[in-house]
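Numbered according to the working numbering, the sequence shown spans residues 135 to 381.
Taking it in order: structure first as C-alpha cells, then the write-up.
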Amino acid sequence: MRLFLICGLVLLAGCSTRFETPSELTSTDRLVSGERRLVPVLEFADGEALAAIDTLHVPMVELSNGAEFDAALSEARLDYLRAVVSREICQRFARAGFSILPAPEGADAVARLEANITGLRRSNVATTGLSRAIGVAVPGPLNPRVPIGIGALGAEGEILTPEGEQIAAIQWASQNHLASGGGITTLLDGPDAFSDLADATELASVFADAFGDLVVEARADFEAIDGDTPLGTCDAYVDSLRTADAD
Numbered sequence: 135m136r137l138f139l140i141c142g143l144v145l146l147a148g149c150s151t152r153f154e155t156p157s158e159l160t161s162t163d164r165l166v167s168g169e170r171r172l173v174p175v176l177e178f179a180d181g182e183a184l185a186a187i188d189t190l191h192v193p194m195v196e197l198s199n200g201a202e203f204d205a206a207l208s209e210a211r212l213d214y215l216r217a218v219v220s221r222e223i224c225q226r227f228a229r230a231g232f233s234i235l236p237a238p239e240g241a242d243a244v245a246r247l248e249a250n251i252t253g254l255r256r257s258n259v260a261t262t263g264l265s266r267a268i269g270v271a272v273p274g275p276l277n278p279r280v281p282i283g284i285g286a287l288g289a290e291g292e293i294l295t296p297e298g299e300q301i302a303a304i305q306w307a308s309q310n311h312l313a314s315g316g317g318i319t320t321l322l323d324g325p326d327a328f329s330d331l332a333d334a335t336e337l338a339s340v341f342a343d344a345f346g347d348l349v350v351e352a353r354a355d356f357e358a359i360d361g362d363t364p365l366g367t368c369d370a371y372v373d374s375l376r377t378a379d380a381d
C-alpha cells in the first residue's frame with residue numbers, strides 16, 4: 135500500500151537527478167534556474183531571435199565526451215538511444231512549427247539544434263519485469279513501479295544561428311517516474327519496453343518536451359514565423375540505423 139501511495143504522489147513528476155558531466159554547450163553564461171514539468175533545469179532562450187527562424191538543422195544527438203556509460207552497453211545500443219532522442223527532439227520541434235532538416239544538405243544557411251546525452255543510468259531488468267507484473271494487476275497507461283533500479287537520463291541542447299550565436303539552451307537530467315509506462319510490453323513497443331534502456335528511451339520524450347516548451351514559450355511573445363516538417367521526416371534517425379545494420 136505504501137508503494138501505491140508513493141506512486142500516487144509522483145504520478146506526474148519526474149525525479150531530479152544529476153550527472154557530473156562537463157558541459158559541451160558553446161556557453162553556459164546566460165543559463166538560469168527553471169523548472170520543466172516538475173524537473174529542475176538550467177535554461178536560456180532569446181524569444182525574438184527564435185521567432186525569426188522557421189527551419190532547424192537537427193543532426194543526430196551525440197554522447198558527451200565527459201560522460202560515463204556502462205561498459206556493458208554496446209556501441210550499437212548507444213547509437214539506438216542517440217537515434218531515439220534525436221527522433222523525439224525532431225517530433226517535438228516539428229509540432230512547434232519548425233521545418234526540420236535531419237540531413238546536412240543546405241544546413242549551413244539555417245539555425246542548428248545540437249544536443250548531447252550527458253548521462254545514463256540503465257533500468258534494472260528484473261525490477262522492471264516485476265513492475266510489468268504489477269501493471270497487469272493494475273491496468274492503465276501508467277503502472278506502479280518498484281522503486282529500485284529505475285533508469286535515468288541526462289541531456290543538454292542548444293540552438294545556434296548560422297553564425298554560431300546561441301539563442302536557446304537547456305541542461306536537464308531526470309530519473310523516470312515511480313509510476314510510468316516503463317515495464318509494460320505492448321505490440322507497438324515490443325520487448326524494448328522493458329529492457330535496460332526502457333526508462334532512458336521513455337525519458338527521451340520528456341527531455342524533448344522540456345526543450346520544446348522552452349522555445350515555444352519564448353517565441354510566444356513575438357510574431358513568430360512557422361515552417362512545416364513533412365510526415366515521416368523524424369523517422370530518418372532510427373531508419374538510418376536500420377539501413378546501416380542491413381548493410
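Glycine included, every Cβ here is placed at the ideal spot set by N, Cα and C.
| Item | Value |
| --- | --- |
| Contacts around Arg164, its chain only, beta-carbon distance under 7 Å, and the 5 residues preceding and following it disregarded | Phe178 |
| For Pro364 and Arg152, the rounded distance between their alpha carbons | 36 Å |
| Residue environment, Ser161, which counts as buried when at least 16 other CB atoms sit within 10 Å | exposed |
| Cα-Cα separation between Ala332 and Ala185, rounded to whole angstroms | 35 Å |
| Proximity to Val219 [Cα-Cα], best of Glu297, Ala230, Glu169 and Val340 | Val340 |
| CB of Leu254 within 8 Å of CB of Leu190, strictly | no |
| Alpha carbon of Thr335 to alpha carbon of Ile359, nearest angstrom | 31 Å |
| Beta-carbon proximity list for Val175, same chain, < 7 Å, skipping 5 on both sides | Gly168, Glu169, Ile304, Gln305, Trp306 and Ala344 |
| One or two residues paired with Asn250 in a DSSP bridge | Glu196 and Glu290 |
| Cβ-Cβ separation, Ala249 to Gly288 (assumed contact under 8 Å), whole Å | Their Cβ separation, rounded to whole angstroms, is 11 Å, which puts Gly288 and Ala249 out of contact at 8 Å. |
| Contact set for Glu357: own chain, Cβ-Cβ below 7 Å, skip 5 residues either direction | Ala185 |
| Under 8 Å between C-beta atoms of Ile251 and Ala210 | no |
| Sequence-distant residues of its chain with Cβ nearer than 6 Å to Glu182 (five each side left out) | Phe356 |
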